[in-house]
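K.L.:
According to the working numbering, the sequence shown is numbered sequentially starting from 18. A single structure is presented below for examination.
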Amino acid sequence: MKLDTLKHGYDYTGMPVDPQAHYWAPGISSELANHHWALTEVRSRIDLPAWQTFLADLPRDPYVNRRWKRMSWLALDDNGDVQDMGHCPMAQGGAFNAAESMADRLRYYEPLTPEFLARSDVKDFVRAWARLWGLGPNEPILMQITGVRGKGLVDPLQGQGIHADGCKALSILVLKRENVTGGTNHLFADGDGTLPLLDATLAEGDILHLHDDRLYHSIDGISQLDPEAPFERFIIIINSRFVDDFQNRILRRHFPHAVLNETK
18 MKLDTLKHGY DYTGMPVDPQ AHYWAPGISS ELANHHWALT EVRSRIDLPA WQTFLADLPR
78 DPYVNRRWKR MSWLALDDNG DVQDMGHCPM AQGGAFNAAE SMADRLRYYE PLTPEFLARS
138 DVKDFVRAWA RLWGLGPNEP ILMQITGVRG KGLVDPLQGQ GIHADGCKAL SILVLKRENV
198 TGGTNHLFAD GDGTLPLLDA TLAEGDILHL HDDRLYHSID GISQLDPEAP FERFIIIINS
258 RFVDDFQNRI LRRHFPHAVL NETK
């Protein structure tokens, strides 16, 4: 008898292994719980060069100059599989977005491609991310590929400065960083920036998790390291459990049966 695995009459040796149980580095969950942010990497979990190939056909962002972007609304189903929820615009109220081109507006973007969403390492990433944040079935997850490229100096926030995105769960993954100087991420305990928590320049494959409803963040301007060559910096932003009433109203309109983080 397998005394080390046989307990209460059940033999656990034949049970399937949960691939998300050890997706994140040890201690990430406790760091996030205790400090409200955690910095780690996923380059060991995903095929980063393959993900970078999906940057080539990103459409221009129609609302922000010199930015390219796709986004989709995803959710886990009752079996834990990743599902594309379908179309819904992005919406941020003025309390969470001070940029004139983005605040209090519905913004429409092309979705992430079916080829990208069908990748097994993309699905594993989304499932592991949802598990990290304790998300259940039918909770909307916004996943964006976005970034800047070109020459000169670019403010990736378009004047937004120190801000919060209007959600509880937020992570930023650097997908590509080429010929870039600047682009250092900052975390603060207050919106005025007098209580700094972190200054970090994320490399490709680094990911920053944060409780967006408890912290504030910003990023420095970006320019090319070699002034004779263009630069690129692209990221994946993935977030959920919105505290922005504007976004929640739009989500309810498009996804009547979604599980939302209702604030009222």
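The beta-carbon is built from N, C-alpha and C at its ideal position, and this holds for glycine as well. Keep in mind that this is a model prediction, so the values were computed, not measured.
Ala108 by DSSP, collapsed to three states: which one?
P.N.:
Ala108 falls in the strand class under three-state DSSP.
K.L.:
Rounding to the nearest angstrom, what Cα-Cα distance links Met102 and Gly167 in this structure?
P.N.:
Met102 and Gly167: Cα-Cα distance of roughly 33 Å.
K.L.:
Given a threshold of 16 other Cβ atoms within 10 Å of its Cβ, counted over all protein chains shown, does Arg300 qualify as buried or as exposed?
P.N.:
The requested residue 300 does not occur in the structure, where the chain is confined to residues 18 to 281.
K.L.:
Gly208 and Gln264: beta carbons closer than 8 Å?
P.N.:
No, they are not a contact pair.
K.L.:
Count the other C-beta atoms from every protein chain shown that fall within 10 angstroms of the C-beta of Glu245, then say buried if there are 16 or more, exposed otherwise.
P.N.:
Exposed is the call here.
K.L.:
Taking the alpha helix (DSSP H) that Gln177 falls in, what are its first and last residues?
P.N.:
Where Gln177 is concerned, there is no enclosing alpha helix (DSSP H), given that its DSSP letter is neither H nor E.
K.L.:
For Thr30, name the three-state secondary structure that DSSP assigns.
P.N.:
A caution first: Thr30 carries a pLDDT of 43, below 50, which makes its placement in the model too unreliable to give a value.
K.L.:
For Asn96, is the classification buried or exposed, using 16 other Cβ atoms within 10 angstroms of its Cβ as the cut-off for buried?
P.N.:
Counting Cβ neighbours within 10 Å, Asn96 comes out exposed, since fewer than 16 surround it.
K.L.:
How do the region 75-82 and the region 128-138 stand: do at least 3 beta-carbon pairs fall below 8 Å, yes or no?
P.N.:
Because the criterion of three Cβ pairs below 8 Å is not met, the region 75-82 and the region 128-138 do not touch.
K.L.:
Decide if Leu242 is buried, meaning its Cβ has at least 16 other Cβ atoms within 10 Å, or exposed.
P.N.:
Per the 10 Å Cβ criterion, exposed.
K.L.:
Could you tell me how far apart the beta carbons of Arg87 and Pro128 are, in whole angstroms, since I believe they sit closer than 8 Å?
P.N.:
Arg87 to Pro128, Cβ: 6 Å. Contact.
K.L.:
Leu190 and Ile239: beta carbons closer than 8 Å?
P.N.:
No, Cβ-Cβ distance for Leu190 and Ile239 is not below 8 Å.
K.L.:
Quick check: what's the CA-CA separation for Gly44 versus Gly164?
P.N.:
Approximately 29 Å, taken between the alpha carbons.
K.L.:
Within its chain, find whatever has a CB closer than 8 Å to the CB of Leu72; leave out the 5 residues flanking it on each side and keep chain order.
P.N.:
Taken in chain order, the residues that qualify are Trp85, Ile162, Gly164, Leu192, Lys193, Glu249 and Phe251.
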